[in-house]
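A.B. asks:
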Amino acid sequence: DICDSATGQCTGNTKCMRGWFGVGCQYQDLTSVPSTTITSSPLQTSNTWITDRDDSTCNQDIYLQSVVVAWNITYPFSWLRLAAKDNAYPGTFMVSFKTSGGSLTETPC
112 DICDSATGQC TGNTKCMRGW FGVGCQYQDL TSVPSTTITS SPLQTSNTWI
162 TDRDDSTCNQ DIYLQSVVVA WNITYPFSWL RLAAKDNAYP GTFMVSFKTS
212 GGSLTETPC
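Mind the numbering: the sequence shown is residues 112 to 220 in the numbering used here, read in order.
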C-alpha cells in the first residue's frame, strides 16, 4: 500500500505487509512475530486461519475450546482485534492475559 504521509490512510486494495495491520498498517500483529507459539484445544492440524490476514477464513472446528498465543518476551499490549463471522453467540469469547510472573486476568467479550 501507499500511505498518505499526513493522514496515514493507505490507498489501494493490497494488504499490509505481513505482521502489520490497521488503516495505515500501523499496528503490529503479534501472532506473526518470531518465536510466537499458537496452540489450540483440542489440537488442530493448522492454525493458519489465525495468521492468514483474511477475515473470510475462519475456524471450522465446532469443538474448539481455546486458542493460546504465547511469546517468550514481553510486548506492550494495548488492544485486541478479533473478527467473528457469526454474531449469534455474543459473550462466548473469554480473553485471558497471563504474565510471566503468573498472574492471570480474564475479560469476557
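Even for Gly, the Cβ is constructed at its ideal location relative to N, Cα and C.
#1: Rounded to a whole number of angstroms, what is the C-alpha to C-alpha distance between T156 and G212?
#2: To the nearest angstrom, how far is it from the Cα of T162 to the Cα of T216?
#3: If you follow the alpha helix (DSSP H) that T162 is part of, which residue opens it and which one closes it?
#4: Identify the residues that DSSP records as bridge partners of Y138: which are they?
#5: By the three-class DSSP mapping on this structure, what secondary structure does V144 have?
#6: Quick check on the DSSP output: the beta strand (DSSP E) that includes S177 runs from which residue to which?
#7: So, are the CB atoms of S151 and N158 less than 9 Å apart?
#8: What is the DSSP secondary structure of S151, counted as helix, strand or coil?
#9: Would you say G130 and S143 are within 9 Å of each other, going by their C-beta atoms?
C.D. replies: On the basis of the coordinates in this document:
#1: As a working note, residue 156 is residue 45 in the sequence shown. As a working note, residue 212 is residue 101 in the sequence shown. Cα to Cα, T156 sits roughly 30 Å from G212.
#2: Numbered from its first residue, the sequence shown carries residue 162 at position 51. Numbered from its first residue, the sequence shown carries residue 216 at position 105. Inter-residue distance for T162 and T216 is about 24 Å (C-alpha atoms, whole angstroms).
#3: Against the sequence shown, residue 162 aligns to sequence position 51. Membership of T162 in the alpha helix (DSSP H) is indicated by the continuous run T159 to T162.
#4: Start at 1 with the first residue of the sequence shown, and residue 138 comes out as number 27. Paired residue(s): F132.
#5: Counting from one through the sequence shown, the residue named residue 144 turns up at place 33. Correct three-state label for V144: coil.
#6: Position 66 of the sequence shown holds residue 177. In this chain, the beta strand (DSSP E) harbouring S177 covers S177 to A181.
#7: Along the sequence shown, one-based indexing puts residue 151 at 40. Along the sequence shown, one-based indexing puts residue 158 at 47. Cβ distance < 9 Å, so S151 and N158 count as in contact.
#8: Numbered from 1 along the sequence shown, position 40 holds the residue referred to as residue 151. DSSP, read as helix, strand or coil, puts S151 in strand.
#9: As a working note, residue 130 is residue 19 in the sequence shown. As a working note, residue 143 is residue 32 in the sequence shown. Result yes, Cβ atoms of G130 and S143 sit closer than 9 Å.
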